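Below is one structure; the comments refer to it alone.
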């Protein structure tokens with residue numbers, strides 16, 4: 001029962017067993033409206049303090065099917081694979097050498113050196129734990145479950161940050177020595193910025209293809225918080241996408257396997273903001289993975305400002321083609337923006353053409 005699950009979590013969230021947490025995953029209750037049917041997603045991932053996380057409803061655009069037909073877009077979206085015992089038995093974290101790095105709204109981040117990863121060199125890891133004194137709301141468990149499900153689904157991608165395991169509000173993953181920042185980008189020449197952009201959009205494209213291995217070609221999930229600082233830099237210099245706490249699943253229509261329409265019912269409190277897509281600041285508007293596309297191209301616009309870098313003669317043509325790509329995905333209507341895979345192919349082509357000229 002839910003009461004039993006709640007009682008189980010009154011201890012320390014880092015060591016709590018979370019078998020049975022799926023009892024909290026509610027896909028919503030149905031409400032009828034005069035002109036259309038709507039499922040109000042009763043997401044437990046939206047505790048009241050998360051005012052920046054939007055509220056959504058689902059609609060069947062064609063009106064042919066009741067919105068009750070909207071179901072999870074793959075069983076993996078409801079999956080939960082905690083490995084609490086393994087996490088604590090493999091290299092006792094309590095006796096590891098940990099170094100505090102920073103904290104977010106709910107969790108704090110540590111880096112450590114341990115034998116958790118059974119490799120010859122025992123590489124460093126990153127540990128995220130709930131902040132001391134922070135009240136553990138059940139919605140926060142769902143955010144962590146969702147992030148772990150997405151990262152677990154994408155372990156085959158070298159452009160997505162690697163997760164080793166999770167338990168309660170804690171998770172452990174690979175250590176990345178760098179993070180993309182404005183100062184990092186400013187130190188790059190044009191070709192390296194182009195390579196960085198190529199790897200960034202590959203991560204987004206892989207995310208949008210999550211679950212495609214089960215035979216479904218629909219976009220099932222989007223990041224919903226694309227920003228320069230949500231990309232990490234690996235030791236080999238490769239850029240990987242990170243931080244999926246705000247990621248949003250897109251349900252499908254069970255009768256025809258098409259995606260249900262996700263509509264926004266609350267605007268973000270930080271609007272207006274030039275870093276956000278137009279639909280993030282609107283109410284009762286269509287909302288899908290194209291928000292990632294708009295945000296990504298906003299990031300590219302700042303990365304490739306001509307006054308922030310020296311441009312060689314042969315690079316001017318590449319920049320001109322790149323600006324066409326950027327402008328194509330900054331349209332007000334999200335449905336007219338290209339897909340991440342299309343942008344990835346365009347930037348890949350621009351990058352390789354420039355390299356062959358050198």
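Residue numbers (the numbering used here): 1 to 358. Quick reminder that beta carbons are idealized off the backbone N, C-alpha and C, glycines included. Being a predicted model, the structure only gives us computed values, none of them experimental.
Q | is_contact[residue 290, chain B] using C-beta, thresh 8 Å | A | Included in the structure is just one protein chain, with no chain B present.
(Q) Pop quiz: residue 347 and residue 197 are said to be a contact at Cβ under 8 Å. What is the actual Cβ separation, rounded to whole angstroms? (A) Here residue 347 corresponds to residue number 347 of the chain shown, with the count starting at 1. Here residue 197 corresponds to residue number 197 of the chain shown, with the count starting at 1. Between residue 347 and residue 197 the beta-carbon gap is near 6 Å, inside 8 Å, which marks them as a contact.
Q | Buried versus exposed, by CB contacts within 10 Å (16 or more), residue 63 | A | Here residue 63 refers to the residue found at position 63 of the chain shown. Unreliable positioning characterises residue 63 in this predicted model, as indicated by a pLDDT of 48, which lies under 50. A coordinate reading is not provided.
Q. Could you check where the alpha helix (DSSP H) with residue 166 kicks off and where it finishes?
A. Translated into the one-based positions of the chain shown, residue 166 becomes position 166. Careful: residue 166 lies outside any alpha helix (DSSP H), inside the beta strand (DSSP E) at 163-167.
Q: Please state whether DSSP places residue 145 in a helix, a strand or coil.
A: Translated into the one-based positions of the chain shown, residue 145 becomes position 145. Here residue 145 sits in helix by DSSP.
Q) Does the distance from the C-beta atom of residue 103 to that of residue 111 stay below 8 Å? A) On the chain shown, residue 103 is found 103 positions in, with the first residue counted as 1. On the chain shown, residue 111 is found 111 positions in, with the first residue counted as 1. No, the Cβ-Cβ distance between residue 103 and residue 111 is not below 8 Å.
**Q.** Segments of 4+ residues assigned as alpha helix (DSSP H) that fall wholly inside the segment 248-323
**A.** 290-303
Q) Would you call residue 193 buried or exposed, if buried means 16 or more other Cβ atoms sit within 10 Å of its Cβ? A) As a working mapping, residue 193 is identified with position 193 in the chain shown. By the 10 Å Cβ count, residue 193 comes out buried.
Q: Give the straight-line distance between the Cα atoms of residue 259 and residue 199, rounded to the nearest whole angstrom.
A: Against the chain shown, residue 259 aligns to sequence position 259. Against the chain shown, residue 199 aligns to sequence position 199. The straight-line gap from Cα to Cα measures roughly 27 Å.
Q. How should residue 283 be labelled, buried or exposed, when 16 other C-beta atoms within 10 angstroms of its C-beta is the threshold for buried?
A. Sequence index remark: in the chain shown, residue 283 carries index 283 (1-based). By the neighbour-count rule (16 or more Cβ atoms within 10 Å), residue 283 is not buried but exposed.
Q. Using the beta-carbon count (16 or more within 10 Å), is residue 148 buried or exposed?
A. Stepping through the chain shown from its first residue, residue 148 is reached at position 148. The residue in question, residue 148, is buried, as its Cβ has 16 or more Cβ neighbours within 10 Å.
**Q.** Status (buried if at least 16 other CB within 10 Å, exposed otherwise) for residue 344
**A.** Taking the chain shown and counting its residues from 1, one reaches residue 344 at position 344. It counts as buried.
Q. Any idea what DSSP makes of residue 235, helix, strand or coil?
A. On the chain shown, residue 235 is found 235 positions in, with the first residue counted as 1. Coil.
Q) Helix or strand or just coil, what does DSSP make of residue 70? A) Along the chain shown, one-based indexing puts residue 70 at 70. Annotated three-state conformation of residue 70 is strand, per DSSP.
Q) How would you label residue 292, buried or exposed, when you count the other beta carbons within 10 angstroms and need 16 or more for buried? A) The count along the chain shown starts at 1 and reaches residue 292 at position 292. Buried, because 16 or more other Cβ atoms sit within 10 Å of the Cβ of residue 292.
Q: Determine which residues share a DSSP beta bridge with residue 158 and list them.
A: In the chain shown, the residue the question calls residue 158 occupies position 158. Note: residue 158 sits in no beta bridge, so no partner.
(Q) When you measure from the CB of residue 196 to every non-hydrogen atom of the ligand PLP, does any distance come out below 7 Å? (A) Ligands displayed in this structure: none; no statement on the ligand PLP is therefore possible.
Q: Determine, using beta carbons only, whether residue 249 and residue 220 come nearer to each other than 8 Å.
A: Here the question's residue 249 lines up with position 249 in the chain shown. Here the question's residue 220 lines up with position 220 in the chain shown. Yes; because the gap between Cβ atoms is below 8 Å, this pair is in contact.
Q) In this structure, what does DSSP give as the bridge partners for residue 103? A) To locate residue 103, count along the chain shown from 1; it is residue 103. 108, per the DSSP bridge assignment.
Q. Shortest alpha-carbon distance to residue 229 belongs to which of 106, 71 and 296?
A. Reading the chain shown from its first residue, position 229 is the one you call residue 229. Considering only alpha carbons, the answer is 296.
Q. Would a C-beta distance cut-off of 8 Å place residue 150 and residue 241 closer than the cut-off?
A. Translated into the one-based positions of the chain shown, residue 150 becomes position 150. Translated into the one-based positions of the chain shown, residue 241 becomes position 241. It is not a contact, given that the beta carbons lie outside the stated cut-off.
Q: Counting only the same chain and skipping the five closest in sequence on each side, list residues whose C-beta sits under 7 Å from that of residue 251.
A: Here residue 251 corresponds to residue number 251 of the chain shown, with the count starting at 1. Around residue 251: 58, 70, 71, 72, 73 and 260.
Q. Which residues share a DSSP beta bridge with residue 174?
A. Here the question's residue 174 lines up with position 174 in the chain shown. Beta-bridge pairing links residue 174 to 125.
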